[in-house]
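One structure is given here, and the rest of the page talks about it.
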Amino acid sequence: MAPRLPDPGPPGISARLIELGEALRDEGVAVGTSELLDAFAALEEVPWSDPENFREALAATLAKSPDDRRVFELVFERFFFRATEAAAVRAGIKEGSAGGQVGGDSDGEGQQAGDIDLDALRQQIAEAIRDGAESAMRDLARLAIAAFGRQGTGSGVIGVDVQRIRRQLGLRSEPQPDLPPEDPRHDGLPRDELRRFEQLLRRELERGQIERTEQLPASRPLNELDRALPSGPLQDLAAVHRVVAQLRRRLATQGMEARGRKRHAHVDVRRTMRASLQTGGVPVELRFRPRRPRRPEIFVLCDVSTSVTSASVFFLSVLHALHDTFRKMRSFVFIERISEVTDVFERERDFAAVSNAISRDAGVADISGYTDYGRVWNEFRDAVADELHPRATVIVLGDARTNGRDPRAEVFGQIASLAGRTFWLNPEPRLYWNYGDSVIAAYEQYCEAFECWTTQQLEDFVKALTKPMSAR
Amino acid sequence: MAATPTSVDQVREGLQSVGYLPGESTALVSYLATRLGKPVLVEGPAGVGKTELAKALARYLDRTLVRLQCYEGLDEAKALYEWNYRKQLLRIQAEAADTGWDRVQDDIFGEEFLLERPLMTAIASPEPVVLLIDEIDKTDQEFEAMLLEVLSDFQISIPELGPVVAKTTPIVLLTSNNSRELTEALKRRCLYLWLDYPPVEQELAIVRLHTPDLNEQVARKLVEVVQMVRELDLKKPPSIAESIDWARALLLLGADDIDEGVFRETMSVIVKHRTDLDIVAERVGVRLGPGPPSGVGSKAA
C-alpha cells in the first residue's frame, strides 16, 4: 500500500511553527505575523528540550484568551502528534510486537484480553484516574483497549469506541453509591482526569489505526464538542447571558431583513386603493402588507435525564430569556413522565435556581430514571391535545435514546399532525444518531430534526423558529 | 538579586525566595517578560495572585513597583501626566510684568511643572521598574488605545515637550478579570498568561507558606475542601487569598480538624454570597461528617 502522507514540506523548525500557526488560524485563533514573530523571539529564550517550556512559550505568544488557549492545547497536541506519527510511518518505525501491541493481529490480542482480570483492571484504572497518575493512565489505556477494544466489533469510529470502553469500565464522574466505599468510583471520579483518560484512549486508538493502515487519517477540524456549549456543572451564567443578548439583537435585525427582502409578497389592496386617490384613482404606487415576525405559540418538551441535562436546561433558559419573542410558551420536562415547568421559569430568573428547582420539584423520574418516550408522548398528548393547533410549534429536546423501550412513534406522529410545526433538537452530534438505542430516525419522519450542541447551532435553530411565517 | 535572570528555573527560584510560588507557565512567562521586554497580560479569576505576581517580581528583581489602578473614567491626566497649573499660575504671577510672553511660556512648560502620574513615572524613571496596570478591563476602550503607544514603544508624547522615551525597559504587567473583552490591538502587543486556581499540591504549598504554624493535616484538608467548593457552581468561588484567610482563621480558633461543625461556623470566610452559603452548606457540609457536637444553628454572619 502506498502510504498516503502529507508532503513533509521544507525542513526546519521555522516551517513547522508556521504550519502550526496556519493550523491555529484554521481553527479560528487570530494568529498574526506579529504573534509568530513573538513566538520565534520567545523560543530563542527558552530551551526547547523541555516540552513544557516549549509549549508554554508558544501558548504565551500565540493564544491570547482562555478560549484560544483551549484551542491551542488541542491543536498543539494534534499537530505534533500527527507530525511524529507521520515521521514514524515514513521511517517505518513500529512498536515491537513484544507486548502492549494495540490493534495488531487479533489472536494475540484475544490472548491478552483473556489474561486480564477485568475487575482488577477497572479498579486500577479508577484508582489511576482518581490519583491523576498520568503515565499509569497511559499504560492502562492501552490495556483497556486490548481488553475491551476488540471484543465484538470495533465500530471504526474512534469516538464511539472511546465511549464504549469508558462505559464498559464503569467510569463516571457521578458518585456510584452502590459500589463498595473503598472503590474509587464510589464517590465519583474527577471530571478532568476522566476526560484526560478519554483523550489517552483516543490517542492510543488513533496510534493503532495509523500503524495498521500506515497512513494518517484526514486532518479533521477540531471537534466542535471540545469548545461547544458549556456542559459541565460549571454552567457559566455570563456565557449564557452573552448568547442570549446576541440572539436577541440578531433576532431583532434578522426580522427586519426578512421583512425588507420579502416585501413583494402581498399587495395590500385597501391601502393601495387609498393611495391611488392622490393620482385620480390610478394605482401608481403599490402598498404592501407589512410582514410581522412570527410569534409562534411554543410547546417545549425537554428531556432532563442525566445524559442531556445540561444541554436541556441551558436550552430552556435561553428560550425563556427570549420569552417576549414568542406569543405564548409552555415548557415541560420529562424523563419517564412529563411535568410542566412554565411557572418555574416565570418565578426564577436565575439559571442555577431554575435548574435546582427543576431537579427538586419536577418529579419526573419514576422508577428507573431512564427516559420512557412512549409514556411521555401519551401523557403529553393527553395534557395539551386540546390546545394544539396549526399555528402552534412543538419543540422536543432529547437524545431519542429509548433505553430499549418502545418509541411509540405513531403517538408522536399524532402530536406532530396536530401542531403546525414540530422540531426535534438532538444534543448529540449527528454521527451518533441511530447508533445504539437512539431511535431518532423513527421520529424524524414526523418532524424537522436539528443537531444542537453548539451555541451556533442553537442560534441557527432559533432563527429558523422565528423566521417570518410564509402564507399558510 | 540578579539583574536579569538567565533561565526559567532562576526566575522560579527567585520568585519562591520572595514568597511567591509560581506555576510552570507563570515562571516561564515572567522570564520571557524580562528577556523580551514585552508587556504581559495576566488574566484569571479574582484572587489567584495576579497583582501579587507583580509585587513579587518587583521584590525579586529589586525594582520599584509602580502601580496604576484602573477604574471606570480613568483618564490621561490621572494616568500619564498633568501640568501643575497652580504652580504655573504662581510662576506667571511671580514674574514681573516686563517679562515677555515667550519667555514665560518657555518657562512654565518645563519638567519642573509636570506632575508625573504612574505611567509617566514608570517611563521616566532612571532605574528600571515593574509597572503594574491593574484591572485594565475596568477602563474604557479609549484609554486602552492610549496605552498602545506606551506599551509598544515605551514612550509618551507631550505636545509641549516632545516625546519622553523610556531610559530603561520596564517590566509591564496588565491584569484583567475578564469582565470585558480587551481589544485585539492590545492583546497583540502582550504576552498572555492565564492564571488559574492552582492544583492541590501547589495551593497547599502556598497555604503552608503563609501559615507555617497550621497543622499539615488540617492544611491539606482545608485545601481539599476549598477545591471541592470551587467545583460547585458558585457566584464567587473562593480564591487563594480566601484559602489563606481561612487557614489563618482556623489557626486563631485552634482547630485541629475540619469537621462539619467547624466548617459551618467558619465557611463565611471562604464563601461570601448568601445563596452560595446555602449551596455550600448543603453540598459540602455533609460530606465532612459530623464532628464533636457543636452549636448548629444560624451561622451566616
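Chains A and B, in that order, give the protein sequences. When you read off a place in the first sequence, starting at 1, and then add 22, the result is the number in the numbering used here. When you read off a place in the second sequence, starting at 1, and then add 1268, the result is the number in the numbering used here. Beta carbons: idealized from backbone N, C-alpha and C, even for Gly.
Under 8 angstroms between C-beta atoms of residue i and residue j
| i | j | result |
| --- | --- | --- |
| B:Q1423 | B:I1391 | yes |
| B:T1479 | B:L1519 | yes |
| B:L1382 | B:W1351 | yes |
| A:F402 | A:F445 | no |
| A:V184 | A:L223 | yes |
| A:A422 | A:S361 | no |
| A:V406 | A:I380 | no |
| A:L58 | A:I40 | yes |
| B:V1310 | B:L1463 | yes |
| A:R369 | A:T415 | no |
| B:Y1465 | B:P1313 | yes |
| B:L1477 | B:V1491 | no |
| B:R1359 | B:D1370 | no |
Near the ligand SAM: residue i beta-carbon under 7 angstroms from a heavy atom
| i | result |
| --- | --- |
| B:A1314 | Within the structure as shown, the ligand SAM is missing, as the structure has no ligands at all. |
Residue i versus residue j - alpha carbon distance
| i | j | result |
| --- | --- | --- |
| A:V304 | A:P312 | 22 angstroms |
| B:I1404 | B:T1443 | 6 angstroms |
| B:V1552 | B:M1496 | 8 angstroms |
| B:S1293 | A:N75 | 8 angstroms |
| B:D1330 | B:V1297 | 18 angstroms |
| A:E66 | B:D1421 | 21 angstroms |
| B:A1301 | B:F1411 | 23 angstroms |
| A:Q133 | A:A169 | Per-residue confidence for A:Q133 stands at a pLDDT of 44, beneath the threshold of 50, marking its modelled position as unreliable; no derived number is given. |
| B:Y1460 | A:A82 | 5 angstroms |
| B:V1486 | B:D1525 | 6 angstroms |
| A:R427 | A:R359 | 14 angstroms |
| A:I417 | A:A463 | 16 angstroms |
| A:L256 | B:D1501 | Because the pLDDT at A:L256 is just 36, under 50, the model does not fix this residue reliably, and the value given afterwards should be weighed accordingly. Distance between the alpha carbons of A:L256 and B:D1501 is about 5 angstroms. |
| B:V1433 | A:R104 | 47 angstroms |
| A:E228 | A:R217 | 16 angstroms |
| B:E1499 | B:I1547 | 12 angstroms |
Beta-carbon proximity list for residue i, same chain, < 7 angstroms, skipping 5 on both sides
| i | result |
| --- | --- |
| B:A1322 | L1333, V1398, L1400 and L1441 |
| B:R1354 | none |
| B:R1448 | D1405 |
| A:R452 | E473 |
| B:K1540 | K1504 |
Within-8 angstroms CB hit, residue i to chain B
| i | result |
| --- | --- |
| A:N75 | yes |
| A:D495 | This structure gives no information on residue 495 of chain A, because the portion of chain A shown stretches from 23 to 494. |
| A:T393 | no |
| A:G54 | yes |
| A:D60 | yes |
| A:P88 | yes |
| A:T415 | no |
| A:G132 | In this prediction, A:G132 has a pLDDT of 42, which is less than 50 and means its spatial position is unreliable; nothing more can be read from the coordinates. |
| A:A150 | no |
| A:T106 | no |
| A:K485 | no |
| A:V68 | yes |
| A:R218 | no |
Residue-chain proximity (residue i, chain A), Cβ-Cβ < 8 angstroms
| i | result |
| --- | --- |
| B:V1297 | yes |
| B:W1462 | yes |
| B:V1276 | yes |
| B:K1455 | yes |
| B:S1293 | yes |
| B:R1303 | yes |
| B:K1489 | no |
| B:L1300 | yes |
| B:E1469 | no |
| B:K1306 | yes |
Rounded Cβ spacing between residue i and residue j (contact assumed at less than 8 angstroms)
| i | j | result |
| --- | --- | --- |
| B:M1535 | B:L1521 | With a Cβ gap of about 13 angstroms, B:M1535 and B:L1521 do not count as contacting. |
| B:I1508 | B:V1316 | 6 angstroms |
| A:R144 | A:G114 | In fact, because the Cβ distance is near 37 angstroms, the residues do not count as touching under 8 angstroms. |
| A:A85 | A:V51 | 6 angstroms |
| B:I1474 | B:L1283 | That belief does not hold up - the Cβ atoms of B:I1474 and B:L1283 are roughly 12 angstroms apart, past 8 angstroms. |
| B:C1458 | B:V1308 | 6 angstroms |
| B:E1363 | B:V1372 | 6 angstroms |
Same chain only: Cβ atoms within 8 angstroms of residue i, ignoring 5 sequence neighbours per side
| i | result |
| --- | --- |
| A:G458 | R423 |
| A:S298 | V304, P305, V306 and E307 |
| B:V1537 | E1510, D1513, W1514 and A1517 |
| A:P212 | I151, R152, G154 and S195 |
Neighbourhood of residue i by C-beta distance below 6 angstroms, restricted to the same chain and skipping five residues each side
| i | result |
| --- | --- |
| A:L42 | F101 |
| A:S327 | I357 and T393 |
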